[in-house]
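J.:
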Amino acid sequence: MRLPSAGGPRSGRPRRLPALLLLPLMGGCLGLVGAARRPNVLLLLTDDQDAELGGMTPLKKTKALIGEKGMTFSSAYVPSALCCPSRASILTGKYPHNHHVVNNTLEGNCSSKSWQKIQEPFTFPAILRSACGYQTFFAGKYLNEYGAADAGGLEHVPLGWSYWYALEKNSKYYNYTLSINGKARKHGENYSVDYLTDVLANLSLDFLDYKSNSEPFFMMISTPAPHSPWTAAPQYQKAFQNVTAPRSKNFNIHGTEQALAIRQAKTPMTNSSIRFLDDAFRRRWQTLLSVDDLVEKLVKRLGSTGELDNTYIFYTSDNGYHTWQFSLPIDKRQLYEFDIKVPLLVRGPGIKPNQTSKQVLVSNIDLGPTILDLAGYDLNKTQMDGMSLLPILRGDRNVTWRSDVLVEYQGEGRNVTDPTCPSLSPGVSQCFPDCVCEDAYNNTYACVRTLSSVWNLQYCEFDDQEVFVEVYNITADPDQITNIAKSIDPELLGKMNYRLMMLQSCSGPTCRTPGVFDPGIQV
0 MRLPSAGGPR SGRPRRLPAL LLLPLMGGCL GLVGAARRPN VLLLLTDDQD
50 AELGGMTPLK KTKALIGEKG MTFSSAYVPS ALCCPSRASI LTGKYPHNHH
100 VVNNTLEGNC SSKSWQKIQE PFTFPAILRS ACGYQTFFAG KYLNEYGAAD
150 AGGLEHVPLG WSYWYALEKN SKYYNYTLSI NGKARKHGEN YSVDYLTDVL
200 ANLSLDFLDY KSNSEPFFMM ISTPAPHSPW TAAPQYQKAF QNVTAPRSKN
250 FNIHGTEQAL AIRQAKTPMT NSSIRFLDDA FRRRWQTLLS VDDLVEKLVK
300 RLGSTGELDN TYIFYTSDNG YHTWQFSLPI DKRQLYEFDI KVPLLVRGPG
350 IKPNQTSKQV LVSNIDLGPT ILDLAGYDLN KTQMDGMSLL PILRGDRNVT
400 WRSDVLVEYQ GEGRNVTDPT CPSLSPGVSQ CFPDCVCEDA YNNTYACVRT
450 LSSVWNLQYC EFDDQEVFVE VYNITADPDQ ITNIAKSIDP ELLGKMNYRL
500 MMLQSCSGPT CRTPGVFDPG IQV
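Read in numbering that gives the first Met the number 0, the sequence shown has 17 at position 18, and its numbers run on one by one without any break.
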């Protein structure tokens with residue numbers, strides 16, 4: 000069957016979606032105890048949406064339809080503040096040192112042949128399909144190098160997906176190519192049929208219309224918003240005209256107690272830079288309004304088909320974002336809260352409405368185990384590093400939860416001097432015209448993010464010539480301006496150092512052992 004025309008408003012009778020040849024079922028999912036049928040799951044993933052700088056503000060419908068109907072996690076983190084490593088962690092349930100995706104390049108294992116061979120067969124969607132009999136649907140951005148000719152091109156469809164509508168490479172809104180179950184389909188720049196967020200919405204609605212009713216389903220919808228180039232739908236291009244980027248305490252200041260990547264930034268920013276920043280910030284929010292519409296359409300459709308009450312909906316992002324914090328222009332990659340903290344909203348059967356979880360420290364490596372747990376799969380059969388959130392979501396009492404998570408990043412640089420910035424030495428990358436660079440080889444770090452009843456800390460070590468250490472008391476210093484590495488109790492510093500070394504070499508169950516603040520948090 001041909002794919003329906005998908006774009007802006009849907010017109011005419013849609014055609015049935017094509018499906019891939021389904022994998023043979025292996026068994027192994029028992030479903031939730033006492034559940035009449037296994038639940039459906041919908042995972043909504045945005046691109047570069049922060050939690051710290053107002054990233055959820057434009058999404059009024061999403062907050063009402065998911066957050067207010069379920070649980071909002073205010074301490075949700077990513078294990079690496081970059082698209083491809085973070086997305087690989089979502090899919091595998093593993094920290095980057097275990098899935099080996101370190102950046103957004105093929106050489107960094109982003110959608111490489113090695114990734115396809117070693118990791119893709121064991122992602123949680125592959126398990127849902129092969130062991131649990133779920134229909135699996137993907138639409139949107141997968142991994143940044145997906146579709147590369149050296150890694151199978153658009154013909155490659157990862158194992159376990161029943162329906163596959165994946166974007167070639169990185170986020171765009173127009174003039175992109177989708178892999179339709181392994182066949183390329185190009186889109187242009189006509190809003191009514193090509194605007195990617197709306198195309199994803201329509202593909203998803205068509206799937207809900209024509210899927211099998213005899214199997215539960217898992218959907219993963221990965222939008223381009225609010226990633227650059229920040230192209231809003233025409234009806235939203237004048238929204239938020241009076242909005243400016245947040246002037247947080249660490250905005251446009253020179254970081255004197257941070258690692259070299261921060262100390263090299265220039266302060267203060269020029270008036271033209273401020274105008275560029277505020278415009279970029281508004282445009283990011285404008286793109287999210289179409290995501291808000293997508294969420295509303297899907298929730299309404301699930302309600303009209305009677306499936307909403309048996310569907311868990313997760314909403315999150317692959318990493319945060321900064322907008323001139325510590326005078327770094329606009330990007331991610333850094334260890335600070337604005338880059339590593341993301342939104343996480345969940346609704347579904349048995350989750351009480353209007354809940355906010357502040358003390359539960361969540362990493363996106365927990366999403367896979369949680370969804371497999373919902374499907375009734377034995378998590379002991381996996382090699383995942385994360386934990387299932389199911390006991391938290393259903394309100395179990397006396398749950399002992401982890402008190403720390405790992406954040407790790409491998410800095411990227413160029414082996415030659417940037418020709419536009421001859422004063423800079425080789426080894427930097429992501430440089431702006433004023434020679435402020437967002438990344439470098441020596442921006443390689445690992446952190447323990449700790450949250451307990453007593454402490455709210457971040458401990459980080461850099462793999463550089465300084466062996467630089469940064470420690471922050473997030474309760475006292477939420478903007479992470481004051482590095483307390485030289486003033487904190489040396490015994491506590493030693494414990495954090497030991498815990499970091501342990502987490503950097505952990506795998507599976509050893510990633511879930513009690514942290515510095517044993518035995519964890521009672522929730």
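From the three backbone atoms N, C-alpha and C, an ideal C-beta is built for every residue, glycine too.
1. Of all the options 454, 304, 461, which has the alpha carbon lying nearest to the alpha carbon of residue 474?
2. Is the stretch 380-394 close to the stretch 106-117, with three or more CB pairs under 8 Å?
3. Note the first and the last residue of the continuous alpha helix (DSSP H) segment covering residue 202.
4. Beta-carbon within less than 6 Å of residue 509's beta-carbon, same chain only, minus the 5 sequence neighbours each way: which residues are those?
5. Below 8 Å, how does it come out for the stretch 430-441 and the stretch 314-334: are there three or more Cβ pairs, yes or no?
6. Taking only the alpha-carbon atoms, compute the straight-line gap between residue 144 and residue 187 and give it to the nearest angstrom.
7. List in chain order: all unbroken beta strand (DSSP E) runs of 3+ residues lying wholly within the stretch 368-411.
8. Would you list the one or two residues that DSSP bridges to residue 252?
9. So, does the stretch 239-256 touch the stretch 412-421, judging by three or more C-beta pairs under 8 Å?
10. So for residue 474, helix, strand or coil by DSSP?
11. Here's the rule I'm using: 16 or more other beta-carbon atoms within 10 Å means buried, otherwise exposed. How should residue 351 be labelled?
12. Tell me the residue span of the beta strand (DSSP E) that contains residue 437.
13. Taking just the CA atoms, how far does residue 294 sit from residue 468?
14. Does the distance from the C-beta atom of residue 322 to that of residue 238 stay below 8 Å?
15. Exposed or buried, residue 55, counting other C-beta atoms within 10 Å across all chains shown (16 or more means buried)?
16. Using three-state DSSP, classify residue 49 as helix, strand or coil.
17. Determine the direct distance from the alpha carbon of residue 267 to that of residue 78, and round the result to whole angstroms.
18. Quick check on DSSP: helix, strand or coil for residue 501?
19. Please name the residue, chosen from 28, 315, 150, that lies closest to residue 523 on a Cα-to-Cα basis.
20. Can you tell me where the beta strand (DSSP E) with residue 455 in it begins and where it stops?
21. Going along the chain, which residues of its own chain have a beta-carbon closer than 8 Å to the beta-carbon of residue 168, five neighbours each way excluded?
22. Considering only the beta carbon of each residue, do residue 120 and residue 102 sit closer than 8 Å?
23. Label residue 347 either buried or exposed according to how many other C-beta atoms from any shown protein chain fall within 10 Å of its C-beta, with 16 as the threshold for buried.
24. Measure the C-alpha to C-alpha separation of residue 183 and residue 207 and round it to an integer number of angstroms.
25. Quick check: what's the CA-CA separation for residue 150 versus residue 364?
26. Where does residue 186 fall in DSSP's three states?
27. Going by CA-CA distance only, name the one from 64, 127, 162, 226 that's closest to residue 171.
28. How would you label residue 70, buried or exposed, when you count the other beta carbons within 10 angstroms and need 16 or more for buried?
T.: Concretely, from the data shown:
1. 454
2. No, because fewer than three Cβ pairs between the stretch 380-394 and the stretch 106-117 fall closer than 8 Å, the two stretches do not touch.
3. Note, residue 202: alpha helix (DSSP H), 195-209.
4. none
5. yes
6. If I take the Cα positions, the gap works out to 21 Å.
7. 403-408
8. Answer is none; residue 252 lacks a bridge partner.
9. With a cut-off of 8 Å, the stretch 412-421 and the stretch 239-256 do not count as touching, because too few Cβ pairs lie within range.
10. coil
11. exposed
12. 436-439
13. 41 Å
14. no
15. buried
16. In this structure, residue 49 counts as coil in the three-state DSSP scheme.
17. 31 Å
18. Looking at residue 501 - three-state DSSP - the assignment turns out to be helix.
19. A query on residue 523 cannot be resolved here, the shown segment of the chain reaching from 0 to 522 and no further.
20. 455-461
21. Cβ neighbours of residue 168 within its own chain (closer than 8 Å, five residues either side excluded): 143, 144, 145, 146, 147.
22. no
23. buried
24. 23 Å
25. 25 Å
26. Here residue 186 carries a coil assignment [DSSP, helix/strand/coil].
27. Nearest C-alpha to residue 171 among 64, 127, 162, 226: 226.
28. buried
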